[in-house]
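Q:
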């Protein structure tokens with residue numbers, strides 16, 4: 050009887066290798082990938098023209114195709130909010146609830162294998178690779194709190210963990226499992242060579258925006274400005290796009306940094322008042338706030354002027370477009386870059 | 043045969059694939075789906091997902107900033123589809 054495993058596929062090398070190790074042992078493997086809304090891969094590359102040299106693809110899909118397995122992509126955006134907002138095991142260095150996240154995803158995978166009569170779960174976890182979630186002490190916590198217990202197999206570091214059910218039952222051979230530890234990637238890269246994997250994603254800084262200091266600062270600012278810890282998908286998507294400046298507590302500006310971002314922001318012009326330069330070339334700006342006054346629009350136009358390379362004392366006109374589509378021209382003296390206060394930038398170290 | 047429109051403009055990967063996956067699960071074999079995307083990543087992802095599931099891409103067209111796919115649901119591996 051061929052045993053069946055569900056592999057968590059992130060799109061990176063480790064999960065690809067873990068799934069491949071199971072395929073090599075004759076296991077039927079299918080992949081599962083969870084979309085939280087905070088994924089890095091794909092989105093930044095899709096939005097920013099400067100990243101056009103990078104592959105625009107979903108790496109989990111690509112990995113599944115290389116392995117010749119089915120992939121199930123699951124939208125968990127709404128359910129995942131409880132993980133981000135109330136992590137039982139707390140946050141990492143920023144707003145990254147890595148341990149709760151791993152437990153949540155393996156719990157979802159465990160529900161899936163029960164529903165679809167699969168035998169066990171496979172992950173690409175490596176002891177010591179992540180400071181918050183991939184430590185020897187957290188491995189049993191994840192197995193227990195997810196409910197997967199001994200049906201959770203980590204092929205890449207199994208030699209340092211107690212035998213799991215699939216090993217004890219002989220569904221897989223323990224001596225063919227691996228003993229990788231730490232942050233070095235040498236072992237994985239060597240194993241990839243033996244499997245003849247030549248192209249694989251190597252995400253810099255992890256695969257989740259919540260591990261990014263600037264992104265976490267923008268999320269914290271969102272919660273502070275709305276007076277509640279909550280979010281919708283559009284909120285967290287917009288935090289990935291553009292420069293975010295808060296010149297006053299009741300509104301912020303989202304300023305496109307390049308063509309791709311401007312095009313993306315244009316899609317939100319019915320949800321936000323927006324502004325574009327009328328007399329110069331420059332970015333699109335969304336104005337995110339309530340009860341905006343003429344002074345606020347004037348200030349926003351001056352800030353926009355700074356990003357349009359206006360000459361000193363040059364007149365600058367912005368086209369303000371309200372959410373209902375009505376237009377208004379605003380002629381202002383544009384700001385110089387020294388007029389932009391550093392604390393307006395919503396980024397690490399800056400909180401209102 | 044029925045033709046369905048799936049407008050996923052503005053959505054970024056993998057949401058276009060998830061929306062297509064969810065719609066295809068509700069459709070009979072032979073149904074056609076016209077998918078409109080703006081994420082350039084869909085150039086790879088929609089065909090990759092269709093190859094994985096055994097569905098056919100009948101056409102791919104670029105119209106200004108939009109990418110239009112015409113997808114036909116095939117009978118192949120229908121059991122697998124049910125558990126997406």
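Chains as they are written, first to last, in the numbering used here: chain U, 50 to 401; chain R, 43 to 126. The beta carbon of each residue, even a glycine, is placed where N, CA and C say it ideally should be.
(1) Under the rule that 16 or more other beta-carbon atoms within 10 Å means buried, what is residue 95 of chain R, buried or exposed?
(2) Determine the DSSP secondary structure at residue 403 of chain U, reduced to helix, strand or coil.
(3) What number of angstroms, rounded off, separates the C-alpha of residue 75 of chain U from the C-alpha of residue 305 of chain U?
(4) Decide if the segment 256 to 274 of chain U is in contact with the segment 294 to 302 of chain U; the criterion is three or more beta carbon pairs, one per stretch, under 8 Å apart.
(5) Identify every run of the beta strand (DSSP E) within the segment 65 to 148 of chain U, keeping only runs that are complete inside it and at least 3 residues long; order them along the chain.
(6) Among the residues of its own chain, which have a CB less than 7 Å from the CB of residue 315 of chain U, if the five just before and after it don't count?
(7) According to DSSP, is residue 295 of chain U part of a helix, a strand, or is it coil?
(8) If contact means a Cβ-Cβ distance below 8 Å, which residues of the segment 105 to 121 of chain U contact chain R?
(9) Report buried or exposed for residue 212 of chain U, applying the criterion of at least 16 other Cβ atoms within 10 angstroms of its Cβ.
(10) Could you tell me which whole beta strand (DSSP E) segments of length 3 or greater appear in the segment 349 to 378 of chain U?
(11) Are the C-beta atoms of residue 54 of chain R and some chain U residue less than 9 Å apart?
(12) Could you check which residue in U:123, U:60, U:129 has the C-alpha nearest to that of residue 105 of chain U?
(13) Using the Cα positions of residue 286 of chain U and residue 258 of chain U, report the straight-line distance between them to the nearest angstrom.
(14) Would you kindly work out how many angstroms separate the C-alpha atoms of residue 195 of chain U and residue 389 of chain U, rounded to a whole number?
(15) Determine, using beta carbons only, whether residue 57 of chain R comes closer than 9 Å to chain U.
(16) Hey, does residue 103 of chain R have any beta-carbon neighbour from chain U nearer than 9 Å?
(17) Please list, in chain order, the residues of the segment 234 to 252 of chain U that have any C-beta partner in chain R closer than 9 Å.
(18) Closer than 7 Å by beta-carbon distance: list the chain U residues that pair up with residue 38 of chain R, in chain order.
(19) Could you give the distance in angstroms between the alpha-carbon of residue 203 of chain U and the alpha-carbon of residue 281 of chain U?
(20) Could you tell me the alpha carbon to alpha carbon distance between residue 148 of chain U and residue 174 of chain U, rounded to whole angstroms?
(21) For residue 101 of chain R, which three-state DSSP category applies?
(22) Between the alpha carbons of residue 61 of chain R and residue 216 of chain U, how many angstroms are there, rounded?
(23) Between residue 54 of chain U and residue 71 of chain U, how many whole angstroms is the CB-CB distance? I'm expecting something under 8 Å.
(24) When the distance is taken between beta carbons, is residue 58 of chain R closer than 9 Å to residue 99 of chain R?
(25) Only counting the same chain, and skipping five residues up and downstream in sequence, which positions put a Cβ closer than 8 Å to that of residue 225 of chain U?
(26) Using 10 angstroms around the beta-carbon of residue 253 of chain U, count the other beta-carbons present and answer buried if the total reaches 16, otherwise exposed.
(27) Are the Cβ atoms of residue 109 of chain U and residue 156 of chain U separated by less than 9 Å?
(28) Along chain U, which residues have their Cβ under 7 Å away from the Cβ of residue 110 of chain R?
(29) Using CA atoms only, rank isn't needed, just tell me which of U:245, U:246, U:244, U:292 is closest to residue 266 of chain U.
(30) With C-beta atoms as the reference, is residue 223 of chain U less than 9 Å away from residue 159 of chain U?
(31) Starting from residue 94 of chain R, find everything on chain U with Cβ-Cβ shorter than 7 Å and list it in chain order.
(32) Check whether the segment 372 to 385 of chain U touches the segment 43 to 56 of chain R, taking contact to mean three or more Cβ pairs, one atom from each stretch, closer than 8 Å.
(33) Quick one: Cα of residue 114 of chain U to Cα of residue 67 of chain R, how far?
(34) Would you identify the three-state DSSP class for residue 345 of chain U, choosing helix, strand or coil?
(35) Beta carbon of residue 368 of chain U, beta carbon of residue 325 of chain U: below 9 Å?
(36) By the criterion of Cβ-Cβ separation under 7 Å, what are the contact partners of residue 305 of chain U in chain R?
A: So, to answer that:
(1) For the purposes of this step, residue 95 of chain R is identified with residue 53 of the second chain, where counting begins at 1. By the neighbour-count rule (16 or more Cβ atoms within 10 Å), residue 95 of chain R is buried.
(2) What is shown of chain U runs 50 to 401, which leaves residue 403 of chain U out entirely.
(3) On the first chain, position 26 is the one that residue 75 of chain U refers to. On the first chain, position 256 is the one that residue 305 of chain U refers to. Roughly 50 Å between the two C-alpha positions.
(4) yes
(5) 77 to 84, 120 to 124
(6) As a working mapping, residue 315 of chain U is identified with position 266 in the first chain. 333.
(7) Residue mapping note: residue 295 of chain U aligns to position 246 of the first chain, counting from 1. Correct three-state label for residue 295 of chain U: strand.
(8) 105, 106, 107, 109, 110, 111, 113, 114, 119, 120, 121
(9) Within the first chain, numbered from 1, the residue matching residue 212 of chain U stands at position 163. Exposed: under 16 other Cβ atoms inside 10 Å.
(10) 365 to 370
(11) On the second chain, residue 54 of chain R is found 12 positions in, with the first residue counted as 1. Output row for residue 54 of chain R: interface = yes.
(12) Along the first chain, read from residue 1 onward, the residue named residue 105 of chain U stands at position 56. Cα-wise, what sits closest to residue 105 of chain U is U:60.
(13) Numbered from 1 along the first chain, position 237 holds the residue referred to as residue 286 of chain U. Numbered from 1 along the first chain, position 209 holds the residue referred to as residue 258 of chain U. Taking the straight line from one Cα to the other gives about 10 Å.
(14) Within the first chain, the letter at position 146 stands for residue 195 of chain U. Within the first chain, the letter at position 340 stands for residue 389 of chain U. Distance between the alpha carbons of residue 195 of chain U and residue 389 of chain U: 48 Å.
(15) Sequence index remark: in the second chain, residue 57 of chain R carries index 15 (1-based). Yes, residue 57 of chain R lies at the interface with chain U (some Cβ there is under 9 Å from its Cβ).
(16) As a working note, residue 103 of chain R is residue 61 in the second chain. Taking Cβ atoms only, chain U never reaches closer than 9 Å to residue 103 of chain R, which makes this a no.
(17) none
(18) The structure shown does not extend to residue 38 of chain R, since chain R spans only 43 to 126, so no value can be given for it.
(19) Indexing the first chain from 1 puts residue 203 of chain U at position 154. Indexing the first chain from 1 puts residue 281 of chain U at position 232. Spanning the two alpha carbons is a distance of roughly 33 Å.
(20) Here residue 148 of chain U corresponds to residue number 99 of the first chain, with the count starting at 1. Here residue 174 of chain U corresponds to residue number 125 of the first chain, with the count starting at 1. Each residue's alpha carbon lies about 12 Å from the other.
(21) The count along the second chain starts at 1 and reaches residue 101 of chain R at position 59. Residue state, collapsed to three classes: strand.
(22) Your numbering for residue 61 of chain R matches position 19 in the second chain. Your numbering for residue 216 of chain U matches position 167 in the first chain. Taking the straight line joining both Cα atoms gives about 38 Å.
(23) Along the first chain, read from residue 1 onward, the residue named residue 54 of chain U stands at position 5. Along the first chain, read from residue 1 onward, the residue named residue 71 of chain U stands at position 22. At roughly 5 Å, the Cβ-Cβ gap stays under 8 Å, so residue 54 of chain U and residue 71 of chain U are in contact.
(24) Taking the second chain and counting its residues from 1, one reaches residue 99 of chain R at position 57. Taking the second chain and counting its residues from 1, one reaches residue 58 of chain R at position 16. The answer is no: Cβ separation not under 9 Å.
(25) For the purposes of this step, residue 225 of chain U is identified with residue 176 of the first chain, where counting begins at 1. Correct list, in chain order: 70, 73, 74.
(26) Indexing the first chain from 1 puts residue 253 of chain U at position 204. The predicted position of residue 253 of chain U is uncertain, since its pLDDT is 47 and thus under 50; a value taken from the coordinates is nonetheless stated next. Burial call: exposed.
(27) Sequence index remark: in the first chain, residue 109 of chain U carries index 60 (1-based). Sequence index remark: in the first chain, residue 156 of chain U carries index 107 (1-based). The answer is no: Cβ separation not under 9 Å.
(28) On the second chain, position 68 is the one that residue 110 of chain R refers to. Neighbours of residue 110 of chain R on chain U: none; closest Cβ ~17 Å, over 7 Å.
(29) Taking the first residue of the first chain as position 1, residue 266 of chain U is located at position 217. Nearest C-alpha to residue 266 of chain U: U:292.
(30) Residue mapping note: residue 223 of chain U aligns to position 174 of the first chain, counting from 1. Residue mapping note: residue 159 of chain U aligns to position 110 of the first chain, counting from 1. Not in contact: residue 223 of chain U and residue 159 of chain U (Cβ atoms no closer than 9 Å).
(31) Against the second chain, residue 94 of chain R aligns to sequence position 52. Going along chain U in sequence order, the residues near residue 94 of chain R (Cβ under 7 Å) are 113, 114, 119, 120.
(32) no
(33) Within the first chain, residue 114 of chain U is the residue found at index 65, counting from 1. Within the second chain, residue 67 of chain R is the residue found at index 25, counting from 1. Whole-angstrom Cα-Cα distance: 20 Å.
(34) The residue labelled residue 345 of chain U in the question sits at position 296 within the first chain. DSSP places residue 345 of chain U in helix when its eight states are reduced to three.
(35) Walking along the first chain from the start, residue 368 of chain U turns up at place 319. Walking along the first chain from the start, residue 325 of chain U turns up at place 276. Yes.
(36) In the first chain, the residue the question calls residue 305 of chain U occupies position 256. Residues of chain R passing the Cβ test: none, with the nearest at roughly 14 Å.
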